[in-house]
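Asks:
In this note's numbering, the protein residues as written are 1477 to 1570.
#1: Select from 1513, 1541, 1544 the residue whose C-alpha is nearest the C-alpha of residue 1500.
#2: Looking at residue 1522 and residue 1605, is the spacing between their C-beta atoms short of 7 Å?
#3: In this structure, how does DSSP classify residue 1477 when only helix, strand and coil are distinguished?
#4: Grouping DSSP H, G and I as helix and E and B as strand, with all else coil, what is residue 1555?
#5: What do you get for residue 1552, buried or exposed, if any count of 16 or more other CB atoms within 10 angstroms of its CB means buried?
#6: Can you tell me the Cα-Cα spacing of residue 1566 and residue 1538, whole angstroms?
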């Protein structure tokens, strides 16, 4: 289940970056909302999946309240889901 969450976290982060830094500027600068429409729904589904998986994995990964709060907050901060993956989800290579 952690592997699936890692994929969702990556895709959610990528879709958020594309939405914020490509689709929204195109919408307002070029007056073309098609990219927002195209990326909006997949990003929304990935966002909900990210939050749901975070709740499902909280106990398994023994996250403190602070860590869990940061994992949830990462879903709305650009690039933060990549940090969550590196810090809390990537298996240790020891």
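Idealized CB from N, CA, C, for every residue including glycine.
Replies: Reading it off the structure:
#1: 1513
#2: With the chain covering 1477 to 1570 only, the question about residue 1605 has no answer from this structure.
#3: coil
#4: coil
#5: exposed
#6: 15 Å
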